[in-house]
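**Q** Provided herewith is a single structure, encoded as structure tokens, for subsequent inquiry.
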Amino acid sequence: MSKQLEQQPIESMRVDKWLWAARFFKTRSIAKDAIDGGKVHHLGERVKVSKEIRVGMELTLRQGFDQKTIVIKALSSVRGGAPMAQQLYAETEASITRRELLSTQRKLHNLARPEHRPSKKDRRDISKFKQENGQQWSALDDASQ
């Protein structure tokens, strides 16, 4: 018989195993480190590595700049391919829109950066502009505060 036929449906499993099987992390030890680092939450509270999860639970996890809120649709102790892993969870609509908004904001923030450092003439122009508008900076101003 094949492995899948012999396996009984899983009622609950450890969160670190599920995050690894759902391909959020490459290894279980990386998943464990993320959980220990407070990057995985359930109902607003940090979870422990041994937390038993069930279908229907909502997890919030942080990976880099992104914070994802996911609902567990299925449990699997076997790490499969990406199409199989995507069937294990569903990301909430609010999470998707929040991630897209923050991504756009990060991109726009980088566009506001000047292409080069100001030249000597540019610095003089900036200083002149600030003097005319009463925004002259002085080291004495900082010391008096």
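Counting in this note's numbering, the sequence shown runs from 10 upward without gaps.
Every residue gets a Cβ at the ideal spot worked out from N, C-alpha and C, and that includes glycine.
Which ranges would you report for the beta strand (DSSP E) in the segment 37–82 if only whole runs of at least 3 residues count?
**A** Fully enclosed beta strand (DSSP E) runs of 3 or longer: 49–51, 67–72 and 75–81.
**Q** Could you tell me which residues DSSP puts in a beta bridge with M93?
**A** None; M93 has no bridge partner.
**Q** Using 10 angstroms around the beta-carbon of K57, count the other beta-carbons present and answer buried if the total reaches 16, otherwise exposed.
**A** With fewer than 16 Cβ atoms within 10 Å of its Cβ, K57 is classed as exposed.
**Q** So, V64 versus V24, is the Cβ gap smaller than 9 Å?
**A** For V64 and V24, no; Cβs fall outside 9 Å.
**Q** Which partner residues of E7 appear in the DSSP bridge assignment?
**A** Limits of the chain in this structure are 10 at one end and 154 at the other, which puts residue 7 out of reach.
**Q** Thinking C-alpha only, which one of S21, W29, E61 and G73 is nearest R115?
**A** Nearest C-alpha to R115: G73.
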